[in-house]
Amino acid sequence: MGFSINTHDGWGVVKVGDFQSLEEARRAFTALCQDPWYQQDGGIKGLELLQSTECAKSQRIDWFAFR
Numbered sequence: 019m020g021f022s023i024n025t026h027d028g029w030g031v032v033k034v035g036d037f038q039s040l041e042e043a044r045r046a047f048t049a050l051c052q053d054p055w056y057q058q059d060g061g062i063k064g065l066e067l068l069q070s071t072e073c074a075k076s077q078r079i080d081w082f083a084f085r
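Printed below as a string of structure tokens:
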């Protein structure tokens with residue numbers, strides 16, 4: 019089982035990174051949500067934290083929408 023973070027923008031979905039632990043993924047997710055570049059870019063619509071397993075589809079754990 020692993021965790022990943024995706025960005026969502028007008029062009030689609032981009033994977034930002036993969037993480038081994040939920041704690042590590044949450045730290046990165048929180049940092050990206052507070053990152054001034056992501057907040058001011060205007061093209062990034064949101065961030066998504068996912069849990070992935072080998073045999074199942076990824077499940078969303080958290081979502082953050084930029085305004």
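Numbering (the numbering used here), first residue to last: 19 to 85. Beta carbons are placed, not taken as given, at the ideal position from N, Cα and C, and that holds for glycine. From a predicted model like this one, the values you see are computed outputs, not experimental measurements.
Secondary structure note for D59: its alpha helix (DSSP H) is the uninterrupted segment 54-59. When the five nearest sequence neighbours on each side are left out, the beta carbons in the same chain lying within less than 6 Å of the beta carbon of Q77 are those of Q69, in order along the chain. In this structure, DSSP gives E66 an extended state, which the three-state scheme calls strand.
In the three-state scheme derived from DSSP, where H, G and I count as helix and E and B as strand, A74 is classed as coil.
Cα atoms of I62 and A49: separation of roughly 15 Å, rounded to the nearest angstrom. In the three-state scheme derived from DSSP, where H, G and I count as helix and E and B as strand, F21 is classed as strand.
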